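Visitor: Next up is a structure, given as structure tokens.
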């Protein structure tokens, strides 16, 4: 990315959608209104005077009425139901609900708290533990990747990490040098396994840089619809000296980025892995003000995967919970005229850092830690954005568990920088 690469140049081209009219051929027209009749005294005709009967009505049938586009749109783009049993059925339901094309972006949380927030849900192992069985991050990537891959025309997936010792709460790093994209979710998984051993987990936690990276990708694509999936082990950092009813710097930046993202065809799904807590994430999902559309969805992966049902059913329930709002959000980007709009330069111009390397790389050989200064451009402030939108958001009371997790990440930042 960073102005050098785009999904067009990286391989494959995408269509731009300026209207939803071209999709209408898939769906039958809505039922016509009943014809006016003297035997229906309570029926109100659409015109002051009923038209004279046509020659066709004399033979017992009415002429075909024109379709009603608004009703058709309302029927198409809606939340998908929750009665499916396989991922293939979820994919088919998304298509039937109106999703035409979607591009996936993946962001992974590499904060220090991943080392202990799997105490209950992952047998006291780090949530990034690489073993014979997939960890929670790998499971979430696989399920969402398999479900959305049918809608991705070029199968290129930008992947980023944040919260490690090279990015903290200020940057993101690309999975590949020069921001090369992964070819399909299978490569996302294989590259993830290569990257994890090279990282130093740190903190604090902020989703702001990752959301801003998603905005940059949408801008560079010419306004194509994207789904940003952020997989994280906990809440945005909130230190003990943050007063109740006030936002921490990380919360403030995250909220501002989510509000800004609602000006773009970008849906954000936050997948919570590990033990939580998740109070603030639910607040983000329900109560962030001043957005063009509801662009944020939180899903508790741990809660769903702990259910006493078979694995296929759990995967299906997770995919449904994560993606059931997507058709309605896609519809919103159409109605607001966001899809296909080229807004180069109006959003944050975030550039990812290269993947950090410490000690021995996965490809062999000793590699010294480095951080290339050429990748350290910071995102400018939003000159036209009124931070009062974020200020109007009232932070909920903070639990002791949240303080503990946030403080641990803060300590890591101070000692690991």
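In full-length UniProt numbering, the protein residues as written are 1 to 417.
Note that CB positions come from ideal geometry on N, CA and C, so glycine has one too.
Every value quoted in this text rests on a predicted model; they were computed, and no experiment measured them.
Between the segment 330-341 and the segment 191-204, do at least 3 Cβ pairs fall closer than 8 angstroms?
Guide: The segment 330-341 vs the segment 191-204: no contact.
Visitor: Tell me which residues share the same chain as residue 124 and place their Cβ nearer than 6 angstroms to its Cβ, disregarding the 5 neighbours each side in the sequence.
Guide: The count along the chain shown starts at 1 and reaches residue 124 at position 124. None.
Visitor: Within the continuous beta strand (DSSP E) that includes residue 270, where are the two ends?
Guide: On the chain shown, position 270 is the one that residue 270 refers to. Run containing residue 270: 266-272, per the beta strand (DSSP E) assignment.
Visitor: Measure the Cβ-Cβ separation of residue 214 and residue 266 and say whether it is below 8 angstroms.
Guide: Within the chain shown, numbered from 1, the residue matching residue 214 stands at position 214. Within the chain shown, numbered from 1, the residue matching residue 266 stands at position 266. Cβ atoms of residue 214 and residue 266: closer than 8 angstroms.
Visitor: Under the three-state reduction of DSSP, which class applies to residue 417: helix, strand or coil?
Guide: Against the chain shown, residue 417 aligns to sequence position 417. With a pLDDT of only 39 at residue 417, under 50, the local geometry of the prediction cannot be trusted, and no value is derived from it.
Visitor: By how many angstroms is the C-alpha of residue 126 removed from the C-alpha of residue 301?
Guide: Here the question's residue 301 lines up with position 301 in the chain shown. Here the question's residue 126 lines up with position 126 in the chain shown. Going by the C-alpha atoms only, they are around 16 angstroms apart.
Visitor: From which residue to which residue does the alpha helix (DSSP H) around residue 140 run?
Guide: Within the chain shown, numbered from 1, the residue matching residue 140 stands at position 140. Run containing residue 140: 136-148, per the alpha helix (DSSP H) assignment.
Visitor: Please name the residue or residues paired with residue 185 in a DSSP beta bridge.
Guide: For the purposes of this step, residue 185 is identified with residue 185 of the chain shown, where counting begins at 1. Beta-bridge pairing links residue 185 to no other residue.
Visitor: Does the Cβ of residue 246 have 16 or more other Cβ atoms within 10 Å, making it buried, or fewer, making it exposed?
Guide: If you number the chain shown from 1, residue 246 lands on position 246. Residue 246 is exposed by the Cβ-count criterion.
Visitor: Counting along the chain, where does the beta strand (DSSP E) carrying residue 160 start and finish?
Guide: As a first step, residue 160 is located in the chain shown; it is residue number 160 there, counting from the start. Element bounds for residue 160: 159-162.
Visitor: Could you give the DSSP three-state label for residue 223: helix, strand or coil?
Guide: For the purposes of this step, residue 223 is identified with residue 223 of the chain shown, where counting begins at 1. Note: residue 223 maps to coil in three-state DSSP.
Visitor: So residue 252 is in the alpha helix (DSSP H); what residue range does that whole segment cover?
Guide: For this step, residue 252 is matched to residue 252 along the chain shown. Counting along the chain, the alpha helix (DSSP H) containing residue 252 begins and ends at 249-261.
Visitor: With C-beta atoms as the reference, is residue 160 less than 8 angstroms away from residue 352?
Guide: Stepping through the chain shown from its first residue, residue 160 is reached at position 160. Stepping through the chain shown from its first residue, residue 352 is reached at position 352. Cβ distance < 8 angstroms, so residue 160 and residue 352 count as in contact.
Visitor: For residue 217, name the three-state secondary structure that DSSP assigns.
Guide: If you number the chain shown from 1, residue 217 lands on position 217. Residue 217: helix per DSSP, three-state reduction.
Visitor: In this structure, how does DSSP classify residue 302 when only helix, strand and coil are distinguished?
Guide: Residue 302 sits at position 302 when you count from the first residue of the chain shown. Residue 302 falls in the helix class under three-state DSSP.
Visitor: Residue 212 to residue 119, Cα distance in whole Å?
Guide: Locating residue 212 in the chain shown gives position 212, counting from the first residue. Locating residue 119 in the chain shown gives position 119, counting from the first residue. So the two alpha carbons sit approximately 31 angstroms from each other.
Visitor: Around the Cβ of residue 276, are there at least 16 other Cβ atoms within 10 angstroms (buried) or fewer (exposed)?
Guide: By 1-based counting over the chain shown, the position of residue 276 is 276. Under this definition residue 276 is a buried residue.
Visitor: Taking the beta carbon of residue 114 as the centre, do at least 16 other beta carbons fall within 10 Å, making it buried, or is it exposed?
Guide: What you label residue 114 is simply residue 114 of the chain shown in a count that begins at 1. Buried, since its Cβ has 16 or more Cβ neighbours within 10 Å.
Visitor: Does the Cβ of residue 295 have 16 or more other Cβ atoms within 10 Å, making it buried, or fewer, making it exposed?
Guide: Locating residue 295 in the chain shown gives position 295, where the first residue counts as 1. Buried is the call here.
Visitor: State the CB to CB distance for the pair residue 143 and residue 293, rounded to an integer number of angstroms; the pair is presumed to be in contact (CB under 8 angstroms).
Guide: Here residue 143 refers to the residue found at position 143 of the chain shown. Here residue 293 refers to the residue found at position 293 of the chain shown. About 25 angstroms; that fails the 8 angstroms criterion.
Visitor: Looking at C-beta atoms only, is the number of pairs between the segment 93-111 and the segment 218-231 that lie closer than 8 angstroms three or more?
Guide: Touching, yes, given that three or more Cβ pairs across the two stretches are closer than 8 angstroms.
Visitor: Tell me which same chain residues have a C-beta within less than 8 angstroms of the C-beta of residue 373, skipping the five on either side of it?
Guide: Against the chain shown, residue 373 aligns to sequence position 373. Legend: pLDDT at residue 373 = 31, less than 50; position of this residue unreliable, value from coordinates given subsequently. Taken in chain order, the list of residues that qualify is empty.
Visitor: Kindly indicate which residue of 310, 235, 286 has the alpha-carbon position closest to the one of residue 110.
Guide: Taking the first residue of the chain shown as position 1, residue 110 is located at position 110. Nearest C-alpha to residue 110: 235.
Visitor: In this structure, what does DSSP give as the bridge partners for residue 103?
Guide: Stepping through the chain shown from its first residue, residue 103 is reached at position 103. 226, per the DSSP bridge assignment.
Visitor: Near residue 316, which residues of its chain fall below 8 angstroms by C-beta distance, leaving aside the five closest residues on each side in sequence?
Guide: Taking the first residue of the chain shown as position 1, residue 316 is located at position 316. 84, 85, 86, 87, 89, 90, listed in sequence order.
Visitor: Does the contact criterion of 3 or more C-beta pairs under 8 angstroms hold for the segment 256-271 versus the segment 154-169?
Guide: Judged by Cβ distances under 8 angstroms, the segment 256-271 makes no contact with the segment 154-169, as fewer than three pairs qualify.
Visitor: Helix, strand or coil for residue 113? Go by DSSP, reduced to three states.
Guide: Position 113 of the chain shown, counted from the start, is the residue given in the question as residue 113. DSSP places residue 113 in helix when its eight states are reduced to three.
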